[in-house]
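Trainee:
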Amino acid sequence: MKITRIGTYKTGFKYYKNKVEITNADDIEKIKLLKIPPAYENVSILNDKKIIAYGYDSKNRKQVLYNPAFIAKQNAKKYDKISTSIKFFSILKKRIASDLGSGSGSGGDEKTLAIAVIITLILTCGFRIGNKKYEKDNNSVGLTTLKYSHLKFDNDRQGILLIDFIGKKGVRNVAECDNKIIYEYLYNKYKNATSGASKDDYVFTYDGGKVITSADVNEYLKVISNKYSRKGTEPIIITTKDLRTWNANMLFLTYYKKLRKSRGRGKDAKKGDADAIADAKDATAQDAAEKSINKDIKAAIEMVAHKLHNSYSICRKSYIDPKIIEDLLSSRQS
14 MKITRIGTYK
24 TGFKYYKNKV
34 EITNADDIEK
44 IKLLKIPPAY
54 ENVSILNDKK
64 IIAYGYDSKN
74 RKQVLYNPAF
84 IAKQNAKKYD
94 KISTSIKFFS
104 ILKKRIASDL
114 GSGSGSGGDE
124 KTLAIAVIIT
134 LILTCGFRIG
144 NKKYEKDNNS
154 VGLTTLKYSH
164 LKFDNDRQGI
174 LLIDFIGKKG
184 VRNVAECDNK
194 IIYEYLYNKY
204 KNATSGASKD
214 DYVFTYDGGK
224 VITSADVNEY
234 LKVISNKYSR
244 KGTEPIIITT
254 KDLRTWNANM
264 LFLTYYKKLR
274 KSRGRGKDAK
284 KGDADAIADA
294 KDATAQDAAE
304 KSINKDIKAA
314 IEMVAHKLHN
324 SYSICRKSYI
334 DPKIIEDLLS
344 SRQS
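Counted the way the numbering used here counts, the sequence shown spans residues 14 to 347.
1) Between L342 and I306, how many whole angstroms is the CB-CB distance? I'm expecting something under 8 Å.
2) Am I right that L159 and V216 are in contact with their C-beta atoms under 8 Å? What's the rounded C-beta distance?
3) For Y233, I'd like the list of residues in its chain whose CB is within less than 6 Å of its CB, leaving aside the five on either flank, ordered along the chain.
4) Once you ignore the five residues that flank A312 on each side, which residues in its own chain have a CB closer than 7 Å to its CB?
5) Roughly how many angstroms lie between the CA atoms of N151 and D61, to the nearest whole one?
6) Going by beta carbon distance, what residues of the same chain come within less than 6 Å of F178, once the five residues before and after it are set aside?
7) Could you please give me the residues that DSSP links to E54 through a beta bridge?
8) Round the Cβ separation of I58 and L47 to the nearest angstrom and send it over; I've been treating them as touching at under 8 Å.
9) Rounded to a whole number of angstroms, what is the C-alpha to C-alpha distance between N80 and I327?
10) Threshold first: 4 residues or longer. Then list the alpha helix (DSSP H) segments lying entirely within the stretch 84 to 140, N to C.
11) Which first and last residues belong to the alpha helix (DSSP H) in which D340 is found?
12) Could you tell me if Y22 is buried or exposed, where buried requires 16 or more neighbouring beta carbons within 10 angstroms of its beta carbon?
13) Shortest alpha-carbon distance to K124 belongs to which of M316, F166, V230 and K91?
14) Pull the bridge partners of I16 from the DSSP assignment, please.
15) Between the C-alpha atoms of I194 and G172, what's the straight-line distance to the nearest angstrom?
16) Using DSSP with H/G/I as helix, E/B as strand and the rest coil, what is I179?
17) So, at 8 Å on beta carbons, what are the nonlocal neighbours of D309 in its own chain, with the 5 sequence-adjacent residues on each side left out?
18) Within its chain, find whatever has a CB closer than 6 Å to the CB of N260; leave out the 5 residues flanking it on each side and keep chain order.
19) Which of the three DSSP states, helix, strand or coil, is assigned to I306?
20) Looking only at its chain, what residues have a beta carbon closer than 7 Å to the beta carbon of I41, apart from the 5 residues adjacent to it on each side?
21) Would you kindly check if the distance between the Cβ of L105 and the Cβ of I16 is under 8 Å?
22) Name the residue from Y325, S331 and L256 whose alpha carbon lies nearest to the alpha carbon of F13.
23) Distance, Cα to Cα, I176 vs C190?
24) From Y161 to Y203, what does the alpha carbon distance come to, in whole angstroms?
25) For K227 versus I142, is the C-beta spacing smaller than 8 Å?
26) Whose CA, out of N262, Y67 and D39, lies closest to the CA of P51?
27) Considering only the alpha carbon of each residue, which of L266, M316, E315 and S331 lies closest to I84?
28) Distance, Cα to Cα, I251 vs N73?
29) Using 10 angstroms around the beta-carbon of N239, count the other beta-carbons present and answer buried if the total reaches 16, otherwise exposed.
30) Can you look up F166 in the DSSP assignment and give me helix, strand or coil?
31) Tell me, please, whether the CB atom of L159 is closer than 8 Å to any CB atom in chain B?
32) Cutting at 6 Å between CB atoms, please list the residues of its own chain near Y219, excluding the five before and the five after it.
33) Per DSSP, T21 forms a beta bridge with which residues?
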């Protein structure tokens with residue numbers, strides 16, 4: 014049953030069900046425990062299996078507060094999807110390399126080349142895909158809404174491209190790209206732009222100015238997903254969001270192993286992390302060994318967050334598969 018919230022943080026809130034005010038103190042306390050942001054207006058409280066409540070922020074954008082159990086379930090599905098699609102990502106990387114290396118995409122397709130560049134930048138620079146709606150509503154840029162003003166070609170360091178823009182939630186996204194093919198592709202587009210072109214023109218276009226969209230990129234991934242899937246089985250469709258999640262976990266494992274190796278642990282060490290704890294002579298030494306592992310897990314997540322232009326909290330909660338962390342803490346890392 015929907016409950017509506019009336020009032021403001023300053024004046025105080027009142028809650029109504031079927032237009033009748035809720036006055037029971039216990040019921041009001043239960044609503045407060047939902048921790049609905051006080052700044053939200055026109056709040057409706059559902060508190061069902063999926064949505065706790067929704068309201069509108071100061072820019073009149075709808076904001077949804079999801080049930081933690083629903084989020085956990087969705088995350089589990091997301092990570093399972095990634096873990097069962099490892100072969101797909103290997104196939105994708107080969108396809109991307111082929112499309113980039115062709116100079117004009119598979120079959121001389123200008124659109125395919127542009128999409129291959131976009132996906133490469135998602136993986137190497139950690140950028141989001143973006144779309145015109147986010148650009149219009151939030152002033153946030155992504156790869157499909159990248160403009161020439163966001164590109165800086167370093168004359169002192171040939172082949173180094175700096176990409177700099179304001180992304181989701183007002184976070185500045187800055188990354189260097191040293192891929193020679195991408196550098197030449199973007200530099201030539203910039204240099205050979207049509208007469209009268211503006212620095213505010215979109216970078217990723219084809220066929221005389223058609224703009225590549227997030228739907229175009231996801232369709233490219235869908236085609237590969239369908240080819241990768243076995244006959245008689247329902248294809249697992251990989252999206253650009255899945256790419257970011259997969260990339261986050263691959264980066265996390267890479268950073269973590271480097272950190273452990275620097276301490277004499279990890280792939281080239283004689284004993285793994287779990288052994289380090291077990292072999293510690295006393296409780297104090299065991300605690301120190303476990304703290305060292307947790308410290309490197311945290312540091313690796315911080316490095317991933319920086320790469321993806323996220324906060325540590327978002328990266329830990331929404332990108333890194335908790336099963337991987339559990340395995341690092343419990344299994345042998347020999």
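By construction, the Cβ of each residue, glycine as well, lies at the ideal position given by its N, Cα and C atoms.
Mentor: Let's see:
1) 7 Å
2) 5 Å
3) I128
4) L272
5) 29 Å
6) V154, H163 and N186
7) Answer is Y69.
8) 7 Å
9) 16 Å
10) 99 to 114 and 123 to 138
11) P335 to S343
12) exposed
13) V230
14) K30 and I58
15) 9 Å
16) Strand at I179.
17) Cβ contact annotation for D309 (same chain, cutoff 8 Å, sequence separation greater than five): Y269, L272, R273 and R276, in chain order.
18) L136
19) helix
20) Y28 and I35
21) no
22) As displayed, the chain neither begins before 14 nor continues past 347, which places residue 13 out of reach and without an answer.
23) 8 Å
24) 7 Å
25) What sits at residue 227 in the sequence shown is Ser, not Lys. Against a cut-off of 8 Å, the Cβ pair of I142 and S227 comes out as a contact.
26) Per the Cα distances, Y67.
27) S331
28) Cα-Cα distance, rounded: 32 Å.
29) Burial call: exposed.
30) strand
31) Of the protein chains in the structure, only one exists, and it is not chain B.
32) E123, K124 and A127
33) G25
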